[in-house]
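One structure is given here, and the rest of the page talks about it.
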Amino acid sequence: MSSTTENPGESADPRPELRVTEDGSHTLYSHRFEQHYHNPNGAVAESRHNFFIKNGLLNHLPGADHLTILEVGFGTGLNFLLLMDEYLETGSSTTIDYFTVEAYPVDARTARTFNYGEYLAHPDLTLQISQIFKHLKPGLNRFEPAAGITLQLYHGPFSDFSPQNLDADYIFHDPFSPQVNPELWTGEVFRKLAAWSSPPVILSTYSAASKARGAMAWAGWHVAREEGALGKREMTIAALDPEKLAHLERVNEQRLARRYEQQDF
31 MSSTTENPGE SADPRPELRV TEDGSHTLYS HRFEQHYHNP NGAVAESRHN
81 FFIKNGLLNH LPGADHLTIL EVGFGTGLNF LLLMDEYLET GSSTTIDYFT
131 VEAYPVDART ARTFNYGEYL AHPDLTLQIS QIFKHLKPGL NRFEPAAGIT
181 LQLYHGPFSD FSPQNLDADY IFHDPFSPQV NPELWTGEVF RKLAAWSSPP
231 VILSTYSAAS KARGAMAWAG WHVAREEGAL GKREMTIAAL DPEKLAHLER
281 VNEQRLARRY EQQDF
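Taken in order, the sequence shown gives residues 31 to 295; the numbers are from the numbering used here.
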């Protein structure tokens, strides 16, 4: 979860505060958004649940020839770090293109304090994250932190993000919540994400807000409920192909799309 605000004229986010979540892993608290970057009940546990287990990525990773992942909200880099760790641990030969966007990146000094290495099979990967933040410049940045993995990180607001040749197989929708960062949860945003996706794409997000689901449905996504992480009752899985959600309980997309159109939330 992180800051991809549509207000680039504002000053940078005041230095976020390092905090420890219930599973012992670190998160940050944003004073701009007055919200944690991750679930306070467990940063690492939440990321694995939402973006690796419930969307099926862990099962897909070892055998795929190529995967493209789009993340909205690079944040602390935790999701990317977990992806690299799983990639190495499974011995995957998949080629991965990882696109992501971040308006207010963490500084390298803060990134060096994260304890995520304690939760990885390959703890040295944490050095990669601090180096990424150290060398990050405004605009599109390209890194190759591991053989077979390319990271394209856009430093700037989501509204200026215009990736080329992007056909996402998985989308990690992980900005701050709709309550504090509503511009990243609109129908127009989800329509953009659909345009940047391959037909079998799976979108996962921690949010179960009806308005967010309505925005997805309005933009042409099929939407389903899934078990939430660490005390959250639900999260959301969405797809352009409804067959991808056949094993899940669907929401009433027509009703939610109509409510979104009528601003009935």
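Think of the CB as a built atom: it goes at the ideal place given N, C-alpha and C, for glycine as much as any other residue.
Residue(s) in a DSSP beta bridge with residue i
i	result
residue 232	200 and 269
residue 179	126 and 176
residue 358	Nothing about residue 358 can be reported from this structure: the residues present for the chain run from 31 to 295 only.
residue 279	255
residue 171	183
residue 66	59
residue 264	257
residue 213	DSSP lists no partner for residue 213.
Residue i, buried or exposed, once every other Cβ within 10 Å from all chains shown has been counted against 16
i	result
residue 164	exposed
residue 79	buried
residue 295	exposed
residue 105	buried
residue 54	exposed
residue 217	buried
residue 237	buried
residue 141	buried
residue 151	exposed
residue 131	buried
residue 235	buried
residue 177	exposed
residue 68	buried
residue 64	exposed
Distance cut-off 7 angstroms: residue i Cβ against heavy atoms of the ligand GDP
i	result
residue 209	Absence of the ligand GDP from the depicted structure is noted, as is the absence of any ligand whatsoever, leaving it without description.
Bounding residues of the alpha helix (DSSP H) (the contiguous stretch that carries residue i)
i	result
residue 221	217-225
residue 60	That residue, residue 60, is in no alpha helix (DSSP H); its beta strand (DSSP E) goes 56-60.
residue 116	108-120
residue 88	87-90
residue 274	Segment: none, residue 274 is in no alpha helix (DSSP H) and carries neither H nor E.
residue 241	240-248
residue 140	138-141
Range of the contiguous beta strand (DSSP E) that encloses residue i
i	result
residue 96	96-102
residue 73	That residue, residue 73, is in no beta strand (DSSP E); its alpha helix (DSSP H) goes 73-78.
residue 252	252-257
residue 49	47-50
8 angstroms contact criterion, which residue i and residue j should meet: CB distance rounded
i	j	result
residue 45	residue 59	Rounded, the Cβ-Cβ distance is 10 angstroms, inconsistent with contact.
residue 4	residue 184	The chain is shown from 31 up to 295; residue 4 falls before or after that span and cannot be answered.
residue 214	residue 268	At roughly 15 angstroms, the Cβ-Cβ gap does not stay under 8 angstroms, so residue 214 and residue 268 are not in contact.
residue 226	residue 290	No, residue 226 and residue 290 are not in contact; Cβ-Cβ is about 21 angstroms, not under 8 angstroms.
residue 111	residue 146	6 angstroms
residue 297	residue 231	Nothing about residue 297 can be read from this structure; the chain reaches only from 31 to 295.
8 angstroms Cβ cutoff, residue i in contact with chain B
i	result
residue 256	No chain B appears in the structure shown, which is made up of a single protein chain.
Cβ pair count under 8 angstroms reaching 3, the segment 257-269 against the segment 80-88
yes
Check whether the segment 121-128 touches the segment 91-105, counting contact only when three or more Cβ pairs, one atom from each stretch, lie closer than 8 angstroms.
yes
Using 8 angstroms as the threshold, is the segment 128-141 in touch with the segment 163-179, meaning 3 or more CB pairs across them?
yes
Tell me whether the segment 244-252 and the segment 267-276 touch, counting them as touching only if at least three CB pairs, one residue from each stretch, are closer than 8 angstroms.
yes
Given 8 angstroms as the limit, is there contact between the segment 230-249 and the segment 204-214, that is, 3 or more CB pairs closer than that?
yes
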